[in-house]
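Per the UniProt record's numbering, the very first residue in the sequence shown carries number 1; after that it's consecutive.
Cβ atoms here follow ideal geometry from the backbone N, Cα and C, with glycine treated the same way.
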Amino acid sequence: MAPNSSIPRKLPILIVTKEVLFPGASMRLSVNSTRNINMIRNRLSQNTLASTIIGVVPKEPGSEIDTADDLGMLHPIGTAAMVVQVTSTNWPATNYTILVTGICRFRLEKIVMEVPYVVGVVTQLDKFNVNEVNDENPGLNELIKNFRNEAAKLVELSDISLPVVGRVRNLLESIPGQHLADVCSALLKASYEEKLELLDALDLTDRFQKALQLLIRQVEIMQEKKNNHSFIIKRRMIKPGDNVGAVSKNLDENASETDEIHELQAKLRNAGLPPQARKVAFKELQRLKRLSPFSPEDGIIRSYIELMAELPWSRSSQETIDIQKARKDLDADHYAMEKLKKRVLEYLAVRQLKNSLRGPILCFVGPPGVGKTSVGRSIAHTLGREFHRISLGGVCNQADIRGHRRTYIGSMPGRIIQGLKTAGVNNPVFLLDEVDKMCAGIHGDPAAALLEVLDPEQNCNFVDHYLNVPFDLSQVMFIATANTLDSIPAPLLDRMEVIRVPGYTHEEKLHIAKLHLLPKQLEEHGLDKSMVTLSEESIKILITKYTREAGVRTLERKLGAICRAVAVKVAEWNSSSTGNDAKKETVMPPVILDEAALEDILGEAGVAVGLAWTSVGGEVLLVEATQVEGDGEVMLTGQLGDVMKESARLALNWVRTHARQYGFGLENIGGDPMSNADVHIHFPAGAVVKDGPSAGITIVVALVSLFSGRPMARETAMTGELTLHGEVLPVGGVKEKVLAAHRAGLKKIILPKKCEKVLVEIPDYIKKDLAFILVSNVDEVLQAAFDGGWKL
Ligand code: ADP
């Protein structure tokens with residue numbers, strides 16, 4: 001890139017685990033998580049490929065879930081990268097490999113889109129300007145000189161036929177010194193944590209000091225290897241009958257402490273491997289000793305041995321079952337849920353008496369956000385066991401459970417073995433989340449593999465294909481969760497004891513918010529409860545107006561948003577009070593969160609409330625629209641049928657052609673709000689297929705709200721289809737929809753004028769709570785859907 005150019009503010013993000021890309025280095029990345037695949041599909045179509053810049057963001061080490069699909073624990077610093085090549089395979093599963101070249105570091109400021117792939121706002125950290133090192137910093141110049149010397153030694157010791165070595169050798173001569181640390185990182189063997197430290201080292205002196213240490217370590221190791229190698233050859237000449245194993249064993253005893261293989265060997269010895277696994281691991285270790293560190297197999301075997309050494313073959317937590325304490329723990333963490341708590345305590349009591357894990361597996365079934373995961377976590381806590389969640393939603397491949405055989409490039413162990421590695425003990429509580437969302441595909445039925453995992457007759461000898469030796473799962477405690485029972489395969493259901501977790505009433509939500517969610521959010525945001533005044537009334541408003549769910553997850557998220565807003569106020573107050581001694585003495589008055597303040601904080605642009613008619617009656621249906629940099633493409637997600645997709649296109653077309661007239665999105669080129677943006681329209685509750693021609697006007701309102709930045713009027717919902725010319729057409733299911741809106745506590749309903757006569761079917765006691773606004777064209781919809789209407 002040109003010295004003064006900069007990267008875009010918004011970048012599509014590729015989340016990587018265990019890989020760190022450095023500016024100036026090239027790397028092949030295997031892409032197989034859903035979000036990453038979506039990103040490649042959406043952003044890297046063939047024609048735009050050459051100039052595409054993406055952000056590569058590593059995950060923090062030790063993130064609870066080891067897949068790139070989880071957004072928790074993203075590292076704050078990533079690398080902007082140019083995509084050089086994309087290759088894809090569909091077997092054994094859809095998988096892309098992309099070749100990227102790092103451009104510069106950035107700070108990931110925030111995530112502005114989560115589905116179908118991640119888009120982040122970033123701040124560029126490295127400059128492209130190459131003449132920054134100057135004579136004013138002799139210390140740094142000296143460091144760079146040393147680094148160049150050591151790097152030259154490393155290249156000399158390496159196998160020059162390897163492309164990466166050849167590339168670094170050429171670059172050593174030609175590139176400006178300050179880029180050397182980053183470029184040479186491709187040759188450095190360092191742990192993930194060490195590489196992250198290098199990525200985080202924004203100051204050049206700091207970066208070179210860190211990189212130089214790693215470089216020197218590596219040069220020493222390679223020097224030693226080289227000496228040992230010639231030693232083996234010499235020994236062979238003297239004693240031709242000697243086998244390599246014996247010789248290398250001998251050598252190991254002499255090897256220096258820094259030798260990585262030596263370290264691996266020590267780790268294996270301490271890993272408490274059962275005999276069969278031990279035999280296999282040491283055989284692989286012997287193979288590794290004979291390989292050049294740059295042979296392609298080296299990394300594969302090394303990862304395998306490392307996994308063998310890290311798995312908790314004989315490490316377990318000390319379990320304590322104390323029913324009294326368990327009751328207290330469960331009560332302390334959860335309000336209500338009496339039936340579930342009672343059943344869990346019975347289960348634990350039986351476990352204590354029988355002293356065995358045999359018996360059915362608990363399966364919590366209920367809507368999202370009702371505390372299923374949270375109860376699982378409490379159980380682990382009270383038993384003194386580690387907790388690990390394995391998300392099974394969308395898993396269609398047996399290999400996800402049972403691993404890929406090591407003959408595949410990029411093969412990995414399955415989630416059970418990965419989970420054990422993360423848990424670090426062989427008796428964790430595994431929460432098998434969303435067992436109802438697995439599906440059988442062409443790569444086998446994951447449910448069948450799961451059955452084996454859960455079967456006490458078989459699971460003491462569970463063989464993961466990658467590991468290829470049995471691991472004893474009999475001490476693992478499994479708990480499953482599901483939203484519905486319908487899609488759980490019968491044999492799996494047979495193994496489980498179903499405990500239903502129903503949704504909460506408004507009253508219960510109020511207590512949960514007061515007693516659990518608010519204190520938790522305050523603490524997470526570093527706030528004290530004296531800093532806010534949130535009355536019961538306000539919490540009720542929060543529940544009825546801002547959330548429509550059976551559980552409390554959105555409620556928790558909204559409380560989080562409120563806490564963030566309060567935190568900003570506190571920070572502002574603190575900074576305005578510095579230097580002003582009189583004010584410093586006083587304590588900041590609590591932030592009062594009344595209805596108006598909630599409206600201020602939570603009013604969201606780009607969201608509209610619609611009404612849908614499903615097989616089970618009417619439902620409130622949200623439509624969310626977001627905008628990302630792009631060139632006018634539309635993305636639709638949320639399991640939509642074809643009719644719904646057409647509605648969405650029609651709606652978008654109307655909004656684009658009327659943008660100038662209504663004055664939204666005019667800051668964009670030519671008054672077209674889509675001239676330099678892609679729009680993503682999402683219908684949440686993605687598991688339900690949505691279709692039918694009744695969401696047209698809702699989508700229009702979501703888009704208008706997005707482009708204008710104005711939130712839609714509160715307590716309002718709508719239904720109606722539109723024509724290309726903006727007329728509103730009648731829709732079906734009006735009665736059911738009105739009932740659903742009433743149930744959800746909404747007050748104003750926008751309906752097509754032509755549906756007026758259906759209103760007679762609606763009982764008076766419901767009608768009296770609602771205001772109906774009958775519309776015959778989109779203009780009337782907009783006037784009704786936004787407070788204060790739209791002036792033309
Ligand atoms: P699920 O697994 O059912 O989707 P979670 O366990 O993730 O739901 O719950 C979402 C949030 O709501 C968690 O922070 C959880 O602690 C909280 N929560 C749910 N039910 C309760 C309850 N009865 N008491 C206290 N907190 C609860």
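Collapsed DSSP secondary structure at T554 in the structure displayed: Numbered from its first residue, the sequence shown carries residue 554 at position 554. Helix at T554.
Host beta strand (DSSP E) of R107 (start-end): Walking along the sequence shown from the start, residue 107 turns up at place 107. Taken as a continuous stretch (DSSP letters only), the beta strand (DSSP E) holding R107 covers N95 to M113.
Nearest candidate by alpha-carbon position, reference S474, set N483, N427 and P413: Translated into the one-based positions of the sequence shown, residue 474 becomes position 474. Residue N427 is the option with its Cα nearest to S474.
CB contact flag (E142, V219, <8 Å): In the sequence shown, counting from the first residue as 1, residue 142 sits at position 142. In the sequence shown, counting from the first residue as 1, residue 219 sits at position 219. Their beta carbons are not under 8 Å apart, which means E142 does not touch V219 by this criterion.
Beta carbon of A25 nearer than 8 Å to that of S185: Within the sequence shown, the letter at position 25 stands for residue 25. Within the sequence shown, the letter at position 185 stands for residue 185. Their beta carbons are under 8 Å apart, which means A25 touches S185 by this criterion.
I512: CB within 7 Å of a non-hydrogen atom of ligand 1: The residue labelled residue 512 in the question sits at position 512 within the sequence shown. Correct: I512 has its Cβ closer than 7 Å to ligand 1.
Sub-8 Å separation of A612 and L559 beta-carbons: Counting from one through the sequence shown, the residue named residue 612 turns up at place 612. Counting from one through the sequence shown, the residue named residue 559 turns up at place 559. Cβ distance not < 8 Å, so A612 and L559 don't count as in contact.
Through-space distance from G55 to H511, alpha-carbon basis: Here residue 511 refers to the residue found at position 511 of the sequence shown. Here residue 55 refers to the residue found at position 55 of the sequence shown. Approximately 42 Å, taken between the alpha carbons.
Straight-line gap, C439 to S191 (C-alpha atoms, nearest Å): Residue numbering aside, residue 439 sits at position 439 when the sequence shown is read from its first letter. Residue numbering aside, residue 191 sits at position 191 when the sequence shown is read from its first letter. Their Cα atoms are separated by approximately 36 Å.
CB of K540 within 8 Å of CB of E715, strictly: Against the sequence shown, residue 540 aligns to sequence position 540. Against the sequence shown, residue 715 aligns to sequence position 715. It is not a contact, given that the beta carbons lie outside the stated cut-off.
Proximity test, M718 beta-carbon vs ligand 1 heavy atom, cut-off 7 Å: Along the sequence shown, one-based indexing puts residue 718 at 718. For ligand 1, not one heavy atom lies less than 7 Å from the Cβ of M718.
Touching by the beta-carbon criterion (3+ pairs, under 8 Å), the segment 764-775 and the segment 730-741: yes
Cut-off 7 Å between Cβ atoms - residues of its own chain near K372, not counting five sequence neighbours on either side: Indexing the sequence shown from 1 puts residue 372 at position 372. Result list for K372: F364, G366, T481 and V501, in chain order.
T101 Cβ short of 7 Å to ligand 1 heavy atom set: In the sequence shown, the residue the question calls residue 101 occupies position 101. No, the Cβ of T101 stays beyond 7 Å of every heavy atom of ligand 1.
S575 CB to nearest heavy atom of ligand 2 below 7 Å: Within the structure as shown, ligand 2 is missing, the only ligands being ligand 1.
Neighbourhood of P240 by C-beta, 8 Å cutoff - its chain only, sequence neighbours within 5 removed: Reading the sequence shown from its first residue, position 240 is the one you call residue 240. In this prediction, P240 has a pLDDT of 38, which is less than 50 and means its spatial position is unreliable; what the coordinates show is noted afterwards. Correct list: empty, nothing qualifies.
Distance cut-off 7 Å: K341 Cβ against heavy atoms of ligand 1: Counting from 1 along the sequence shown, the entry for residue 341 is found at position 341. Answer for K341: no, Cβ out of range of ligand 1.
Heavy atom of ligand 1 within 7 Å of R553 beta-carbon: For the purposes of this step, residue 553 is taken as the residue at position 553 of the sequence shown. Yes, Cβ of R553 sits closer than 7 Å to a heavy atom of ligand 1.
G369: CB within 7 Å of a non-hydrogen atom of ligand 1: In the sequence shown, the residue the question calls residue 369 occupies position 369. It does: the Cβ of G369 is within 7 Å (strictly closer) of some heavy atom of ligand 1.
Counted within 10 angstroms of its Cβ, other Cβ atoms place E386 as buried (16 or more) or exposed: The residue labelled residue 386 in the question sits at position 386 within the sequence shown. Answer is buried; the Cβ neighbour count reaches 16.
Segment contact, 8 Å Cβ cut-off, at least three pairs: the segment 623-638 with the segment 107-126: yes
Bounding residues of the beta strand (DSSP E) (the contiguous stretch that carries E497): Against the sequence shown, residue 497 aligns to sequence position 497. Taken as a continuous stretch (DSSP letters only), the beta strand (DSSP E) holding E497 covers M496 to R500.
Other residues of its chain near R315: CB distance less than 6 Å, five sequence neighbours each side excluded: Against the sequence shown, residue 315 aligns to sequence position 315. For R315, where only same-chain residues beyond five positions count, the Cβ hits under 6 Å are V425.
Cβ-based neighbour list, E257, same chain, cut-off 7 Å, excluding 5 preceding and 5 following: To locate residue 257, count along the sequence shown from 1; it is residue 257. Low local confidence applies: a pLDDT of 30 at E257 is under 50, so the model's placement there is unreliable, and no value is given.
Where L330 falls, given that 16 or more other Cβ within 10 Å makes a residue buried: As a first step, residue 330 must be located in the sequence shown, where it is residue number 330. L330 is buried by the Cβ-count criterion.
Per DSSP, cross-strand counterpart(s) of residue 798: Coverage of the chain is limited to positions 1 through 792, which leaves residue 798 absent and any answer about it impossible.
Limits of the unbroken beta strand (DSSP E) element including A480: As a first step, residue 480 must be located in the sequence shown, where it is residue number 480. First-last of the beta strand (DSSP E) with A480: M477 to A482.
Closer than 7 Å: E60 CB and nearest ligand 1 heavy atom: Residue mapping note: residue 60 aligns to position 60 of the sequence shown, counting from 1. For ligand 1, not one heavy atom lies less than 7 Å from the Cβ of E60.
Start and end residues, alpha helix (DSSP H) containing C363: For the purposes of this step, residue 363 is taken as the residue at position 363 of the sequence shown. Unbroken run through C363 is the beta strand (DSSP E), I361 to V365; no alpha helix (DSSP H).
Buried or exposed by the 16-neighbour rule on C-beta atoms within 10 Å, applied to S694: In the sequence shown, counting from the first residue as 1, residue 694 sits at position 694. So S694 counts as buried.
Of the residues T52, M588 and T505, the one placed nearest T533, counting alpha carbons only: Counting from one through the sequence shown, the residue named residue 533 turns up at place 533. Ranking T52, M588 and T505 by Cα distance to T533 puts M588 first.
Where the beta strand (DSSP E) through I681 begins and ends: One-based indexing of the sequence shown puts residue 681 at position 681. That run of the beta strand (DSSP E) goes A677 to H682.
Ranges of the beta strand (DSSP E) found wholly within the segment 5-32, counting only runs of at least 3: 10-16 and 26-31
Other residues of its chain near L593: CB distance less than 7 Å, five sequence neighbours each side excluded: Position 593 of the sequence shown, counted from the start, is the residue given in the question as residue 593. V532, T533, L534, S538 and I562.
Completely contained beta strand (DSSP E) runs for the segment 613-658, where each covers 3 or more residues: 617-629 and 634-637
S391 Cβ short of 7 Å to ligand 1 heavy atom set: Translated into positions along the sequence shown, residue 391 becomes position 391. False, no ligand heavy atom lies under 7 Å from that Cβ.
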